[in-house]
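For reference, the structure is listed below as structure tokens.
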């Protein structure tokens, strides 16, 4: 159980955790420029187009992170229901024709002109906060399938269902995986998860069968060279990037795959460009930073002074870690393409800002945790 009697004195946030976060941000801004310069110069006549916007997103996110870092984490407990309702309303709004914006085949955005947000990203954090409160308040009921497990599961299913209507399978999987981790750690019975696993497997098969493009991604995952110019194109180009990188890489800025081979390399497949330019050593360094983030996050969760803080910290670090595992697995061909960003590194305003807000809460929990 992630709960211990910790010293509740408000102290400085975890310095190592902050160093890790800023290190990942720095790598991200550099790699967004390196991966996007050619495409940005071709499309916008400005090789720094994506890098400047990523730096702006990072700046806004850092300001938000420092602001949130100084808000006692218990304050989120008091407004958790309001946050969840707002997140659900935004998910509903994005489905309204004329309100939701379509990008990459998914109606996942709300905005005006160049400014837009992705409500599904905010739902991940909103549900983590609410679920942490619910599970902390109903810890004794969680072992009951009807009184504890089903009520918490119903919220997850509702959020996942709205996200799938966009559709956005990658974000939906991260949300479900994070929430299941929190429910499991709070004391739910393994037998309940076995039942849920069977139902989930059947539902996953149905989701794949309901959309031809998902089946194409599965077949492309099994044998991408069967359709090298169609469904298998992205993963083949990703592997072509990673392979030549070798131990030391081709050198920063020297990627060949970013020359219009790998589509929009600054987003979901940025790790492939990083591996091509910085090699095995560079890729391992980034993975080590993520591992250290996971380790420090778990330490914060273990040292939090109450169950709400423990589950909140666990949910945040779990969300980031699950997203990293899925992205790296997709880029290296270990999973079918899902279209999900790499936290801190991939280009994207909503994703980066939300991630920094999340770690702001994690840093505040660290101020009360016994590390």
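Numbering (this note's numbering), first residue to last: 108 to 478.
Ideal placement from N, C-alpha and C gives every residue a C-beta, glycine not left out.
Own chain residues within Cβ distance below 7 Å of residue i, not counting five before or after
i           : result
residue 472 : 180, 407, 411, 416, 419 and 420
Spatial neighbours of residue i in its chain, beta-carbon cut-off 8 Å, leaving aside the 5 residues before and after
i           : result
residue 120 : 176, 470, 471, 473 and 474
residue 206 : 200 and 217
6 Å CB neighbourhood of residue i in its chain, flanking five on each side removed
i           : result
residue 373 : 139, 142, 143, 157 and 454
residue 128 : 466
residue 464 : 171 and 175
residue 108 : Bear in mind that a pLDDT of 42 at residue 108, under 50, signals an unreliable position, so the model cannot answer this.
Nearest-angstrom beta carbon gap, residue j and residue i [assumed within contact, 8 Å]
i           : j           : result
residue 460 : residue 167 : 6 Å
residue 197 : residue 229 : 7 Å
residue 414 : residue 182 : Contact doesn't hold; Cβ gap of about 17 Å is too wide.
residue 389 : residue 401 : Between residue 401 and residue 389 the Cβ distance is about 19 Å, and since that is not below 8 Å, they are no contact.
residue 285 : residue 235 : 6 Å
residue 479 : residue 364 : No answer is possible for residue 479: it lies beyond the span of the chain, which begins at 108 and ends at 478.
residue 145 : residue 366 : 6 Å
residue 191 : residue 237 : 4 Å
residue 349 : residue 384 : Not quite, the Cβ-Cβ distance comes to about 11 Å (not below 8 Å), so this is no contact.
residue 440 : residue 346 : 6 Å
Rounded C-alpha distance that separates residue i from residue j
i           : j           : result
residue 447 : residue 225 : 13 Å
residue 194 : residue 152 : 37 Å
residue 449 : residue 296 : 32 Å
residue 204 : residue 386 : 45 Å
residue 162 : residue 126 : 18 Å
residue 468 : residue 210 : 30 Å
residue 328 : residue 298 : 31 Å
residue 122 : residue 478 : 11 Å
residue 339 : residue 326 : 8 Å
residue 257 : residue 303 : 10 Å
residue 476 : residue 178 : 15 Å
residue 438 : residue 430 : 12 Å
residue 252 : residue 309 : 20 Å
residue 265 : residue 271 : 10 Å
residue 283 : residue 352 : 34 Å
Identity of the residues DSSP links to residue i by a beta bridge
i           : result
residue 364 : Per DSSP, none; premise fails for residue 364.
residue 214 : 209
residue 417 : According to DSSP, residue 417 bridges with nothing at all.
residue 224 : 217
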